[in-house]
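Chains as they are written, first to last, in this note's numbering: chain W, 31 to 154; chain U, 135 to 271; chain C, 3 to 110.
Below is one structure, written out as structure tokens; comments come after it.
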Amino acid sequence: MRVLSIVSSAYRATVEEQDDTVIWFTHAIKGAGADVDMLLKGPAVNYAVMGQAVAPVTIGTRTQRQGPDVCGQVAGLIGKGVQVFVAEVDLERRGLAKAPLIDGARRVRDIPALFSEYDRVWHW
Amino acid sequence: MSQQATLAFLLMDAPFESARTTTALRIIDAAVRRGINVKVFAYEGAVFLPFASQIAHANAVHGRTVEEEDHPLPREWVAGLIEESARRGAAFEWVNCGLCVDERGAGQAIEGVRRGSPADFWKFAESSDNTLVVPTA
Amino acid sequence: MKQYLIIETRDPIECRDVDAMASLAADLARSGASASVLLTDNGVFAARIGAATDALDVLSSAGVGVFADNFSLSERGIESASLAPGVRPATVDLVIDRLLEGASVMWR
């Protein structure tokens with residue numbers, strides 16, 4: 031069963047959770063044998079943009095040392111053989127039409143054609 | 135369908151925060167009432183849906199006692215789904231994501247709920263006729 | 003034929019992304035797939051006659067079936083007479099039907 035997971039929610043509790051929990055989940059099911067690829071859509075297209083950094087956050091006396099690295103998480107998925115697509119129209123809407131993306135991330139415009147290659151499409 | 139169908143669901147929302155919870159549980163209820171086998175993976179805040187320590191309360195603004203208010207508790211809905219499914223001869227599984235349980239302190243779940251991992255969700259998806267992911271906002 | 007059902011829970015006036023949902027559903031229908039939308043929760047605000055959204059026009063022009071959850075309609079006081087043309091009241095059993103038919107069901 032080939033699954034396309036669409037991620038369109040972005041930066042949701044990423045500091046608290048130290049990652050994007052859907053990207054993390056995808057790593058976990060890939061490790062469990064899932065045949066899964068990913069489409070970044072909406073604000074989540076920003077996950078493929080380079081140059082992101084989260085400084086340590088201190089609340090009261092507690093400093094968080096391990097901040098999230100969502101871009102690295104996405105690159106990690108690509109390294110594991112997950113195809114990561116990025117919706118071109120959403121890049122354009124966000125002024126990212128010409129922005130360099132992480133290695134291996136593939137811009138896509140024809141979403142229905144992409145969907146047709148999968149048995150299941152899940153939207154996160 | 136000649137053989138009992140099986141559907142898998144993934145939920146993410148904590149109780150009392152979003153209309154998505156009620157709508158998703160209504161959909162799951164519809165599956166249960168049709169005798170469909172159901173597998174639910176609770177991720178993130180949804181691990182609190184079957185939290186055993188939920189307590190109903192009175193409501194002074196409504197002017198109602200605990201009994202009169204009859205406040206729905208998600209753990210009762212989950213228990214009700216388990217019971218209704220059994221009554222109809224279907225299977226019902228509910229797995230809470232273990233890491234989500236740990237970081238939220240949601241360890242006390244009602245009977246019939248077990249702890250698991252994303253690998254369980256993948257097994258659910260593979261062994262079901264179809265899967266619905268209910269994301270959070 | 004590929005089948006898709008989009009469950010739309012967001013108010014189209016509050017959330018611009020509902021337009022993107024409608025475009026996607028229309029594109030799916032035009033690509034030859036069967037596409038439907040079930041409006042539920044605040045998504046049913048799109049179903050009220052006079053709502054300031056083009057989403058329904060985009061969907062109907064592409065032949066996308068549009069349904070609205072009875073429970074959500076009643077919760078918001080949207081009666082049959084107030085439903086925009088082409089919107090059909092439905093129950094959440096529609097979701098189960100589509101899942102059993104093998105549709106990819108996407109929740110927005």
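In this text, a Cβ means the ideal position worked out from N, Cα and C, and glycines have one as well.
Next on the checklist: Suppose contacts are defined by Cβ-Cβ distances below 8 Å. Is C:Val-116 in contact with C:Ala-31 by that definition?
Outcome noted: No statement about residue 116 of chain C is possible, as the shown extent of chain C runs from 3 to 110 and does not include it.
Next on the checklist: For a test of the three-state rule: what should DSSP assign to W:Pro-142, helix, strand or coil?
Outcome noted: DSSP, read as helix, strand or coil, puts W:Pro-142 in helix.
Item to check | Where C:Ala-92 sits in the DSSP three-state scheme | outcome: strand
Checklist entry - Comparing the C-beta of U:Phe-255 with each C-beta of chain W, is any distance below 8 Å? => result yes
Checklist entry - Does W:Gly-72 come within less than 8 Å of chain C when only Cβ atoms are used? => result yes
Checklist entry - Can you name the residues of chain W whose CB is closer than 7 Å to the CB of U:Pro-206? => result Within chain W, no residue comes near U:Pro-206; the closest Cβ sits about 26 Å away, beyond 7 Å.
Next on the checklist: Is the separation between the beta-carbon of U:Leu-183 and that of U:Ala-190 shorter than 8 Å?
Outcome noted: Going by C-beta atoms, U:Leu-183 is not nearer than 8 Å to U:Ala-190.
Checklist entry - So is U:Met-135 in contact with chain C if we call contact Cβ pairs under 8 Å? => result Annotation note: pLDDT 45 at U:Met-135 (below 50); position unreliable, coordinate value reported separately. Taking Cβ atoms only, chain C reaches closer than 8 Å to U:Met-135, which makes this a yes.
Checklist entry - Of all the options W:Gly-90, W:Val-100, W:Asp-149, W:Ile-36, which has the alpha carbon lying nearest to the alpha carbon of W:Asn-76? => result W:Val-100
Next on the checklist: Cβ closer than 8 Å: which chain C residues qualify as neighbours of U:Ala-139?
Outcome noted: Under a criterion of Cβ atoms nearer than 8 Å, the residues of chain C adjacent to U:Ala-139 are, in order, Leu-102.
Checklist entry - Helix, strand or coil: how does DSSP classify U:Glu-245 here? => result coil
Checklist entry - C:Thr-11 by DSSP, collapsed to three states: which one? => result coil
Next on the checklist: Can you tell me whether C:Met-3 is buried or exposed? The criterion is at least 16 other CB atoms within 10 Å of its CB, across all chains shown.
Outcome noted: exposed
Checklist entry - Comparing alpha-carbon positions, which option in W:Leu-70, W:Ile-108, W:Lys-110 lies nearest W:Ile-36? => result W:Leu-70
Next on the checklist: Please classify C:Thr-11 as buried or exposed, where buried requires at least 16 other C-beta atoms within 10 Å of its C-beta.
Outcome noted: buried
Item to check | Residues of its chain near W:Asp-149, where Cβ-Cβ distance is below 6 Å and the 5 sequence neighbours each way are ignored | outcome: Met-31, Arg-32
Item to check | Contacts around W:Leu-107, its chain only, beta-carbon distance under 8 Å, and the 5 residues preceding and following it disregarded | outcome: Ile-53, Thr-56, His-57, Lys-60, Met-68, Val-114
Next on the checklist: From the DSSP secondary-structure annotation, give me the bridge partner or partners of W:Arg-150.
Outcome noted: Partner(s): W:Val-33.
Checklist entry - In its own chain, which residues sit with a C-beta less than 7 Å from the C-beta of U:Ser-262, not counting the 5 before and 5 after it? => result Thr-140, Leu-141, Ala-142, Lys-173
Item to check | U:Ala-148 to U:Glu-178 span [Cα, whole Å] | outcome: 7 Å
Checklist entry - Thinking just about the alpha-carbon of each residue, which of C:Leu-26, C:Arg-18, C:Val-20, C:Pro-14 is nearest to the one in W:Arg-139? => result C:Leu-26
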